[in-house]
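Step one of this worksheet: look at the structure below.
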Amino acid sequence: MELERRGVVAPLVVTETFLPLVQAQARARRVDPRLLVVPHPVGGLTPDELAGRVEGAAGDLLRMADEARGRP
Amino acid sequence: MSADWDVAVVGAGAAGLTAARVAAGAGLRVVAYERLGPGGQLVNLTTLHDHPGGTGPELTAALTAAAEGAGVRLAYAEVTRVQPGPPTRLTTSEGEVTARVVVVAAGLSPGRLGLPGEAELAGRGVSTCAACDGPLFRGRPVAVVGDDEWTATEALELAGHATAVTVLVPGEPRWSAARDRLLAAQQRVEVLTGAAVTALRGEGALSGVAVRTADGERELAVAGVFPFVGRRGPGGLVEGLAADADGRLVPSAGVLVAGDARAGADQTLAAAEADGRAAGEAAVAALAAGAGSLRVVDPTHGVRPEPAGAGAVAASTAAWTDVALFTNSKPNATELLRGLGGRLQAHWALPELGFAAKESASVAADPDQIDWLAQRFKMVLVAVGD
Ligand SMILES: Cc1cc2nc3c(=O)[nH]c(=O)nc-3n(C[C@H](O)[C@H](O)[C@H](O)COP(=O)(O)OP(=O)(O)OC[C@H]3O[C@@H](n4cnc5c(N)ncnc54)[C@H](O)[C@@H]3O)c2cc1C
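Pasting the structure below:
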């Protein structure tokens, strides 16, 4: 969140479970972070399950990144 | 060792909720015992000073939701005795349970003068919550007793309601110079040092206090008195565990202590949360025993927030080819970020990705590392939490 404040495009990868906390922290810091939400949990996943998380979030990330860069 | 719970937390204030959330987030079975409601001291605070968390109730809601979201079971019962194990045995008002690790985050008791009549006058002039009771004293004089930072903030809050606020400091103030300036600027506030309250006056409702200073004894006509002295930790709750003179516990092998209840604690929200996080991580480490409990953690945790109203600063001069990943060094966080970073690298045909890792979730992100990332990169993908 500090990075975004300094003008860096800084998407935060966060799991659904921690979304409310991160949002609360963001509100407290008066920032509106770009959030990339993935299903909970991440720790302890097998490589295949992890690949699934990447697959699920990649579309959003690329859209977010293109948008920030001003490309369609 | 079989036990009802992996981790039992005593107290669901800022420290306990954080410890419980961190431990449950790592997949442990966690119960948090609370004798009142979650939030602890937080629920009494409207404005939070030196902390970015909005209001006390808002922060309570966020901490509670995060703990429950991580799978913490909140149990509304009082823990009356803790016998270190293994397994640790807890006696509660709802029965006995066992846990492999215990975190004591029971905070401190409310302020207390220890004078005759105090209990009878509670809620009739004696209060420990300016936010709750301050408006009751509109147009009347009050006294505040204490010497710490929060005594000063409570006095300042009361000055918004009362006609006069006399701060009775038993010795010399310990509050910061900044707070001292605010008090000095408040016409309605007077600070008396070396002042001891020797008696409470009033039948049915407080009408004044007797105060002894180096100049002798005097009567102070006040409708309210707010004591922030005599706060005690949960000394004696855990069998065999040492406590300091104020009943705050000294952690030892097998018993984790977090927040205000710990001897030497800073007694701030930021410290309570940091302590809770460290205790949660210590509980995870104690039980890990080789299990692969890899977690993505918040690498920005502890980065000093900006004061309200601070705007965004100038954008870095980096180009769109300068993209980095910023993670805690836990392997799964790194892999998740590398996977996502790889997609972006292919999508934008980036020659390479920068990489930075924060060493531990329980310490603040290194400001130099943040500086480096901010100056060198246009985009940084950050792994926050599972
Ligand atoms: C008047 C005042 C104003 C303050 N203002 C600020 C501020 O503006 N900014 C700031 O940073 N800090 C402030 N602080 C300090 C801050 O509130 C505390 O440091 C912090 O809330 C402590 O959190 P904790 O979780 O350690 O303890 P607590 O919040 O005290 O929580 C302990 C919890 O444990 C429960 N409990 C205790 N014993 C048992 C038991 N045996 N069984 C079950 N449950 C039990 C209690 O009911 C309580 O809910 C203030 C403190 C005071 C007194």
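So the sequence lines, in the order shown, correspond to chains L and F.
Counting in UniProt numbering, the first sequence runs from 1 upward without gaps.
Counting in UniProt numbering, the second sequence runs from 1 upward without gaps.
All C-beta atoms, glycine included, are put in the ideal place defined by N, C-alpha and C.
Everything numeric in this text was worked out from a predicted model, so none of it was measured.
Beta-carbon neighbours of residue i, restricted to chain F and to distances below 7 angstroms
| i | result |
| --- | --- |
| L:Arg69 | Trp320 |
Residue-chain proximity (residue i, chain L), Cβ-Cβ < 7 angstroms
| i | result |
| --- | --- |
| F:Leu28 | no |
| F:Val340 | Reading the sequence as shown, one finds Leu at residue 340 of chain F and not Val. So yes, F:Leu340 belongs to the interface. |
| F:Arg376 | no |
| F:His49 | no |
| F:His161 | no |
| F:Arg73 | no |
| F:Arg343 | yes |
| F:Ala312 | Reliability fails at F:Ala312, whose pLDDT of 45 lies under 50, so the model's placement of it is uncertain and no value is given. |
Assigned secondary structure, residue i (DSSP; H/G/I helix, E/B strand, else coil)
| i | result |
| --- | --- |
| F:Gln186 | coil |
| F:Ala245 | coil |
| L:Met64 | helix |
| F:Leu287 | helix |
| F:Gly216 | strand |
| L:Val9 | strand |
| F:Val250 | coil |
| F:Ala310 | Unreliable positioning characterises F:Ala310 in this predicted model, as indicated by a pLDDT of 43, which lies under 50. The coordinate reading is nonetheless provided below. Coil, per DSSP. |
| F:Gly342 | helix |
| F:Pro227 | strand |
| F:Leu113 | coil |
| F:Gln267 | coil |
| F:Arg262 | strand |
| F:Phe377 | coil |
| F:Asp50 | coil |
| F:Trp5 | strand |
| L:Val54 | helix |
| F:Glu273 | helix |
| residue 408 of chain F | Residue 408 of chain F is absent from the structure shown; chain F starts at 1 and stops at 386. |
| F:Val22 | helix |
| F:Ala199 | strand |
| L:Val31 | coil |
| F:Val43 | helix |
| F:Leu158 | helix |
Proximal chain L residues relative to residue i, where beta-carbon distance stays under 8 angstroms
| i | result |
| --- | --- |
| F:Val382 | Leu3, Ala10, Pro11, Leu12, Val13 |
| F:Leu336 | Val13, Val38, Val42, Leu50, Arg53, Val54 |
| F:Leu373 | Leu3, Val8 |
Closest by C-alpha distance to residue i, when choosing among the options
| i | options | result |
| --- | --- | --- |
| F:Ala253 | F:Gly264, F:Leu241, F:Ala263, F:Ala245 | F:Leu241 |
| F:Thr80 | F:Arg100, F:Val10, F:Ala383 | F:Val10 |
| F:Gly354 | F:Gln187, F:Asp266, F:Asp322, F:Ser207 | F:Asp322 |
| L:Met1 | L:Glu16, L:Leu19, L:Thr15, L:Arg34 | L:Arg34 |
| F:Val97 | F:Ala214, F:Ser2, F:Ile370 | F:Ser2 |
| F:Gly259 | F:Ala271, F:Pro251, F:Val250 | F:Ala271 |
| F:Ala357 | F:Ala164, F:Val382, F:Leu287 | F:Val382 |
| F:Glu118 | F:Val7, F:Gly202, F:Ala61, F:Ala70 | F:Gly202 |
| residue 435 of chain F | F:Cys132, F:Arg179, F:Val31 | Only positions 1 to 386 of chain F appear in the structure, and residue 435 of chain F is not among them; the question remains open. |
| F:Gly37 | F:Thr46, F:Gly16, F:Thr47, F:Gly27 | F:Gly16 |
| F:Gly40 | F:Glu352, F:Thr268, F:Ala318 | F:Thr268 |
| F:Ala346 | L:Ala10, L:Leu61, L:Gly70 | L:Leu61 |
| F:Thr92 | F:Pro86, F:Ala75, F:Gly85 | F:Ala75 |
| L:Arg63 | L:Leu50, L:Gly43, L:Pro11, L:Gly52 | L:Pro11 |
| F:Val165 | F:Leu45, F:Ala263, F:Leu220, F:Phe326 | F:Leu220 |
| F:Leu90 | F:Asp6, F:Glu154, F:Val211 | F:Asp6 |
| F:Leu192 | F:Arg218, F:Ala205, F:Leu121, F:Gly204 | F:Arg218 |
| F:Thr198 | F:Thr163, F:Leu28, F:Arg112, F:Glu157 | F:Arg112 |
Short CB-CB distance (under 7 angstroms) between residue i and chain F
| i | result |
| --- | --- |
| L:Val37 | no |
| L:Arg6 | yes |
| L:Gly43 | yes |
Cross-chain neighbours of residue i in chain L, by beta carbon under 7 angstroms
| i | result |
| --- | --- |
| F:Gly45 | The residue asked about is misnamed: residue 45 of chain F is Leu in this sequence, not Gly. Per Cβ cutoff of 7 angstroms: no residues; F:Leu45 is ~14 angstroms from chain L at best. |
Chain C contact for residue i (CB, 7 angstroms cutoff)
| i | result |
| --- | --- |
| F:Arg73 | Going by chain labels, chain C is absent from the structure shown, which instead holds the protein chains L and F. |
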